[in-house]
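K.L.:
Can you keep this structure in mind? I'll have questions shortly.
Here's what the structure looks like:
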């Protein structure tokens, strides 16, 4: 049991480091302009949600996967890649800078787009692997 927990912890940590590094690279290359819409964080979070929808179908519905796939990719890589803490900080910075319209758009659009992305990832992947649509 302890050995298994250590392996899972290692998978999550390794995946998290890779996901966070990928996010850091993207944020470094495309930083948000002061007072502007944080497009890179938005794209990271929405694409991460899309990929989570794909992953859920592939590892829980389509086939049996190795027990480390979900902790490594889902919790680790995608958990480290997506950044809802930065989302909250960036929204607060926009509010503090009196960019209320941008802040409101960012807050609302991120939540809606992330939810749509997860559902889209689930639906497209189910169709692609030949699984019946779920209600």
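In my numbering, the protein residues as written are 3 to 137. Even glycine gets a Cβ: it sits at the ideal position worked out from N, Cα and C.
Helix or strand or just coil, what does DSSP make of residue 73?
P.N.:
helix
K.L.:
Do residue 131 and residue 64 have their CB atoms nearer than 9 Å?
P.N.:
yes
K.L.:
Determine, using beta-carbon pairs with one atom in the segment 46-55 and one in the segment 118-133, whether at least three such pairs fall under 8 Å.
P.N.:
yes
K.L.:
DSSP state of residue 80, grouped into three classes?
P.N.:
helix
K.L.:
Can you give me the start and stop residues for the alpha helix (DSSP H) that residue 150 sits inside?
P.N.:
Since the first residue shown for the chain is 3 and the last is 137, residue 150 is missing from the structure and cannot be characterised.
K.L.:
For residue 122, which of 52, 26, 33 has the nearest alpha-carbon?
P.N.:
52
K.L.:
For residue 99, tell me which candidate among 35, 28, 66 has the shortest Cα-Cα distance.
P.N.:
If we check each option's Cα against that of residue 99, 35 comes out closest.
K.L.:
Below 6 Å CB to CB, which residues in the same chain sit around residue 104 once its five sequence neighbours on both sides are set aside?
P.N.:
39, 96
K.L.:
Tell me whether the beta-carbon of residue 78 lies closer than 9 Å to the beta-carbon of residue 14.
P.N.:
yes
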